[in-house]
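>
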Amino acid sequence: MSDPEATPAIGDYGLLGDCQSAALVSREGSIDWWCPSRFDAPSAFARLLDPDAGHWSIKPAGAFEVDRAYVSQTMVLETIFRTASGVLRLSDALALGAGERGHEIGQRSPHALIRVVEAVRGEVAVSVEFAPRPEYGLVEPALVVDDGAIVTIGGAARLLLSSSRDLVVEGSNARAEFVLCAGERRGFALQHASGIIGERPAQLDPDAALSDTITAWRSWSALHKGYNGPYTERVRSSGRVLQCLTYQPSGAIVAAPTTSLPEQVGGASNWDYRFCWLRDASLTLKALWVGACPDEAQRYFAFMARAAGAPRHGEHVQIMFGVQGERDLTEHELGHLRGYRGSAPVRVGNDAWQQTQLDVLGEVLESAYVLREQLDEFDELTMEFLRGLADRAATTWQQPDAGIWEGREGERQYVTSKLMCWVALDRALKLAPRLGAERSVERWSQARDEVRGAILEQGWHADVGAYTGAFGSDHLDAGVLLMPIVGFVAADDARMRCTIAAIERQLTTDGLVRRWTGAGGEGAFVICSYWLAQCHALAGDVARAQEVFDAVSAHANDLGLLAEEIDDDGQLIGNFPQGLSHIGLINAAYAIQRALER
């Protein structure tokens with residue numbers, strides 16, 4: 066049995082995506098995570114969560130040093146291995162549909178991993194190990210050679226590996242070792258086919274598929290160069306990450322492509338993030354506006370309106386959905402997996418779908434408001450849905466809820482939840498004519514003023530000298546940094562300045578912000594640091610905004626990817642890459658740009 070401590074650091078992984086699913090590849094050329102067909106499908110490789118749960122490695126047979134980077138303007142990864150005898154280049158991609166360009170990329174993705182290895186200089190002995198373990202490692206398949214490809218037998222789907230180099234089958238693994246001299250290359254294509262039997266996909270040519278995928282990504286990037294402010298390359302790179310996390314057939318964006326990467330190594334806070342959260346809606350939409358373009362933002366809003374619309378009478382508005390709008394995301398544990406570096410349990414599904422989070426009301430209405438000039442006239446169902454959100458905010462804002470951090474310890478009177486109810490009512494009032502809601506204006510206006518008064522009175526803690534996390538609590542919560550971001554108060558308001566200063570003193574170390582007072586061993590939460598940078602920019606303190614921005618961004622890995630958190634040792638931790646972290650980066654960079662222009 067393999068040693069779980071040998072699992073690479075989370076920040077050692079690179080992301081591959083085809084706008085329907087994702088794979089993670091280590092610095093040593095091992096694909097340790099891939100869920101073919103869609104983000105939340107069972108994995109084919111899951112060594113990320115258990116050393117024996119499957120991988121596919123291509124690397125030099127001897128010692129080597131590594132450099133890597135994405136091919137310019139793409140999500141195609143090049144890893145350069147330098148050995149004593151030569152230099153090897155490994156190009157990795159999840160193939161996009163043949164001929165897809167621009168906004169079409171990902172619509173017809175063939176669910177295929179493409180790997181091409183080439184000797185750049187000298188000669189290099191290459192080692193290949195293919196160890197598929199479908200269904201999160203439950204299946205140890207038989208491997209058979211069929212019509213020039215290695216095919217898996219066992220489980221509810223098939224994998225077909227074709228290559229320009231023969232591999233030797235050894236039980237449920239296949240291996241090869243060969244020498245490449247300068248200019249020589251070998252290509253591999255691993256294709257996924259649903260069903261135990263059925264038509265097999267047409268075999269892909271690895272070189273042609275790789276070239277076409279590079280062209281496809283560059284065609285998308287060429288349409289998304291609108292941002293030209295500070296940190297341009299980081300913003301554009303983050304825009305491509307968000308596109309990678311998009312399930313193109315529906316427009317949904319997953320929080321992360323992984324499950325159960327821990328918030329603390331060895332801990333039990335290990336959650337499945339392969340779903341679309343409405344909680345992140347307005348922040349995501351604004352980031353798409355800056356780092357991508359209105360096309361992606363409009364598709365994302367359309368997904369939200371369709372997925373969340375028409376809840377059953379009296380039912381709370383669900384906060385998260387599957388990538389095709391699925392509502393039942395019931396959680397269960399995979400007891401056969403040891404977890405990342407022993408961090409159990411490993412969970413599939415997420416029971417937070419059943420939580421009441423009042424902030425979602427404001428997130429969706431804010432999204433509609435941001436897109437008000439680009440969206441066509443709302444259809445009757447969408448108008449009814451948005452009016453219903455405002456009505457819920459007006460009637461439920463005084464109730465406790467689970468809050469934006471989805472705590473499972475019970476409901477409270479969270480300030481951020483009240484804040485987003487205020488946003489829901491404020492934006493609904495501004496949209497009232499387009500919502501056919503003129504008769505609701507007086508009622509919504511009264512409720513909005515009541516919410517505002519309650520936050521100003523009960524959210525402020527005089528002894529702490531700051532807005533705190535919940536009514537009556539003396540605990541700070543970085544979530545209140547959203548107050549100036551959503552326009553509730555000015556960032557340079559006296560009380561808000563005091564709040565920012567308190568968060569800097571008590572929750573911040575070297576620009577890295579923890580979520581709340583008493584967070585224990587939890588690391589700094591990346592988006593909270595970007596919120597802090599954004600608040601400083603809004604207050605006109607651009608130099609401090611840039612200091613904080615630079616401090617947190619310095620913890621991105623060599624490919625510019627960010628996880629959910631940064632631990633006390635400065636290492637990336639939590640599900641990876643985290644869409645919300647890249648959303649925070651984009652929005653903070655844009656705030657700094659606006660501040661510099663003022």
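The opening residue of the sequence shown carries number 66 in the working numbering; numbering runs sequentially from there. Using N, Cα and C, we set each Cβ at its ideal position, and we do this for glycine too. Please read all numbers here as calculations on a predicted model, not as lab measurements.
I'd like the span of the beta strand (DSSP E) that includes His-289, first residue to last.
The count along the sequence shown starts at 1 and reaches residue 289 at position 224. Looking at the DSSP string, His-289 is not in any beta strand (DSSP E), and its letter there is neither H nor E.
> Considering Cys-593, what are the terminal residues of the alpha helix (DSSP H) in which it resides?
Here residue 593 corresponds to residue number 528 of the sequence shown, with the count starting at 1. Unbroken alpha helix (DSSP H) run through Cys-593: 591 to 603.
> Please name the residue, chosen from Phe-450, Gly-414, Asp-132, Gln-420, that lies closest to Asp-433 on a Cα-to-Cα basis.
One-based indexing of the sequence shown puts residue 433 at position 368. According to the sequence as given, residue 433 is Ala; it is not Asp. Nearest option by C-alpha distance: Phe-450.
> Ignore the nearest five residues each way along the sequence and tell me which others in Gln-329's own chain have a CB closer than 6 Å to its CB.
Stepping through the sequence shown from its first residue, residue 329 is reached at position 264. Counting only Cβ-Cβ distances below 6 Å, and skipping sequence neighbours, we find Gly-586.
> Buried or exposed for Asp-157, going by 16 or more other Cβ atoms inside 10 Å?
Residue numbering aside, residue 157 sits at position 92 when the sequence shown is read from its first letter. Its Cβ being crowded by 16 or more others within 10 Å, Asp-157 is buried.
> Near Asp-466, which residues of its chain fall below 7 Å by C-beta distance, leaving aside the five closest residues on each side in sequence?
Position 401 of the sequence shown, counted from the start, is the residue given in the question as residue 466. Thr-421, Gln-422, Leu-423, Glu-476, Tyr-479, Ser-482, listed in sequence order.
> State the CB to CB distance for the pair Ala-41 and Ala-519, rounded to an integer number of angstroms; the pair is presumed to be in contact (CB under 8 Å).
In the structure displayed, the chain extends from 66 to 663; residue 41 sits before or after that span and is not available.
> Over the uninterrupted alpha helix (DSSP H) stretch that includes Asn-238, give me the two end residues.
Start at 1 with the first residue of the sequence shown, and residue 238 comes out as number 173. Where Asn-238 is concerned, there is no enclosing alpha helix (DSSP H), although the beta strand (DSSP E) it sits in stretches over 238 to 246.
> Count the other CB atoms within 10 Å of the CB of Gly-530; is the residue buried (16 or more) or exposed (fewer)?
By 1-based counting over the sequence shown, the position of residue 530 is 465. Exposed is the call here.
> What does the alpha-carbon distance come out to for the pair Ala-126 and Arg-147?
Walking along the sequence shown from the start, residue 126 turns up at place 61. Walking along the sequence shown from the start, residue 147 turns up at place 82. So the alpha carbons of these two residues sit roughly 12 Å apart.
> Keeping to the same chain, check which residues put their C-beta closer than 8 Å to that of Leu-113; ignore five residues upstream and five downstream.
The count along the sequence shown starts at 1 and reaches residue 113 at position 48. Contacts found: Thr-72, Tyr-78, Leu-89, Asp-97, Trp-98, Thr-323, Leu-326, Tyr-405.
> Mind checking whether His-540 and Thr-582 have CB atoms under 9 Å apart?
Here the question's residue 540 lines up with position 475 in the sequence shown. Here the question's residue 582 lines up with position 517 in the sequence shown. Against a cut-off of 9 Å, the Cβ pair of Thr-582 and His-540 comes out as a contact.
> Could you tell me the distance, in whole angstroms, from the CA atom of Leu-645 to the CA atom of Thr-217?
Here residue 645 refers to the residue found at position 580 when the sequence shown is read from its first residue. Here residue 217 refers to the residue found at position 152 when the sequence shown is read from its first residue. Roughly 36 Å between the two C-alpha positions.
> Going by beta-carbon coordinates alone, are Gln-643 and Tyr-338 separated by less than 9 Å?
Start at 1 with the first residue of the sequence shown, and residue 643 comes out as number 578. Start at 1 with the first residue of the sequence shown, and residue 338 comes out as number 273. Their beta carbons are under 9 Å apart, which means Gln-643 touches Tyr-338 by this criterion.
> Give the C-beta separation of Val-607 and Ile-657 to the nearest angstrom, bearing in mind that I take them to be a contact with Cβ-Cβ under 8 Å.
Looking up residue 607 in the sequence shown gives position 542. Looking up residue 657 in the sequence shown gives position 592. Val-607 to Ile-657, Cβ: 6 Å. Contact.
> Using only the heavy atoms of the ligand HEM, determine whether one of them is closer than 8 Å to the beta carbon of Val-425.
Inclusion of the ligand HEM in the displayed structure is not the case, the ligand content being empty and no account of it being possible.
> Shortest alpha-carbon distance to Asp-416 belongs to which of Ala-362, Glu-471, Ala-333?
As a working note, residue 416 is residue 351 in the sequence shown. Checking every option, the nearest Cα to that of Asp-416 belongs to Glu-471.
> From Ala-346, Leu-597, Ala-320, pick the residue whose C-alpha is nearest to that of Phe-368; which is it?
In the sequence shown, counting from the first residue as 1, residue 368 sits at position 303. Considering only alpha carbons, the answer is Ala-346.
> Going by DSSP, name the residue or residues bridged to Met-385.
Here residue 385 corresponds to residue number 320 of the sequence shown, with the count starting at 1. DSSP output for Met-385 lists Trp-342 as bridge partner(s).
> Are Leu-454 and Val-382 touching if we call contact CB-CB under 9 Å?
As a working mapping, residue 454 is identified with position 389 in the sequence shown. As a working mapping, residue 382 is identified with position 317 in the sequence shown. In this structure, Val-382 lies closer than 9 Å to Leu-454 by Cβ.
> Are Leu-232 and Gly-252 close, meaning C-beta to C-beta below 9 Å?
Walking along the sequence shown from the start, residue 232 turns up at place 167. Walking along the sequence shown from the start, residue 252 turns up at place 187. No. Outside cutoff.
> Compute the Euclidean distance between the alpha carbons of Asp-360 and Gly-167, then round it to the nearest angstrom.
Translated into positions along the sequence shown, residue 360 becomes position 295. Translated into positions along the sequence shown, residue 167 becomes position 102. If I take the Cα positions, the gap works out to 11 Å.
> Whole angstroms is fine: what's the gap from Ala-236's alpha carbon to Ala-258's?
Residue 236 sits at position 171 when you count from the first residue of the sequence shown. Residue 258 sits at position 193 when you count from the first residue of the sequence shown. For the sequence presented, residue 236 should be read as Gly rather than Ala. For Gly-236 and Ala-258, the distance between alpha carbons rounds to 21 Å.
> Let me check understanding here. Comparing Cα to Cα, which of Leu-269, Val-152, Ser-334 lies closest to Val-735?
Because the chain in this structure spans residues 66 to 663, residue 735 falls outside the shown range and cannot be described.
> Let me make sure I understand the geometry here. Which of Ser-192, Val-204, Ala-207, Pro-266 has the alpha-carbon closest to that of Ala-241?
Taking the first residue of the sequence shown as position 1, residue 241 is located at position 176. It is Ser-192 whose Cα lies nearest to the Cα of Ala-241.
> For Val-355, decide whether its Cβ has a neighbour in chain B, counting only Cβ atoms nearer than 9 Å.
The structure shown contains no chain B; it holds only a single protein chain.
> Excluding five sequence neighbours on each side, which residues of the same chain lie with their C-beta closer than 7 Å to the C-beta of Ala-357?
If you number the sequence shown from 1, residue 357 lands on position 292. Cβ neighbours of Ala-357 beyond the five flanking positions: His-289, Gly-304, Leu-307, Gln-308.
> For Ile-665, which of Leu-394, Leu-626, Leu-255 has the nearest alpha-carbon?
This structure cannot settle anything about residue 665, because the visible part of the chain is limited to 66 through 663.
> Between the Cα of Asp-441 and the Cα atoms of Ile-648, Gly-202, Arg-364, which residue gives the shortest distance?
As a working mapping, residue 441 is identified with position 376 in the sequence shown. Checked all of Ile-648, Gly-202, Arg-364; the closest Cα to Asp-441 is Arg-364.
> Is it buried or exposed, Gly-649, if we count other Cβ atoms within 10 angstroms and call 16 or more buried?
Your numbering for residue 649 matches position 584 in the sequence shown. Its Cβ being crowded by 16 or more others within 10 Å, Gly-649 is buried.
> Within its chain, find whatever has a CB closer than 7 Å to the CB of Gln-138; leave out the 5 residues flanking it on each side and keep chain order.
Walking along the sequence shown from the start, residue 138 turns up at place 73. Cβ within range, chain order: Trp-282, Arg-283, Ser-286.
> Val-152 by DSSP, collapsed to three states: which one?
On the sequence shown, position 87 is the one that residue 152 refers to. Here Val-152 sits in strand by DSSP.
> In angstroms, rounded to a whole number, what distance separates the CA positions of Ser-122 and Phe-195?
Start at 1 with the first residue of the sequence shown, and residue 122 comes out as number 57. Start at 1 with the first residue of the sequence shown, and residue 195 comes out as number 130. Each residue's Cα considered, the two are about 7 Å apart.
> To test your reading of the DSSP string, which unbroken alpha helix (DSSP H) runs of 4 or more residues are found completely within the stretch 402 to 488?
Taking only runs of at least 4 residues, the alpha helix (DSSP H) segments lying wholly in the stretch 402 to 488 are 424 to 435, 445 to 461.
> Just grab the DSSP bridge partners of Asp-337 for me.
Counted from its first residue, the sequence shown places residue 337 at position 272. BP columns for Asp-337 point to Thr-324.
> DSSP on Thr-311, reduced to helix/strand/coil?
Taking the sequence shown and counting its residues from 1, the one referred to as residue 311 is at position 246. Of the three classes helix, strand and coil, the one that applies to Thr-311 here is strand, per DSSP.
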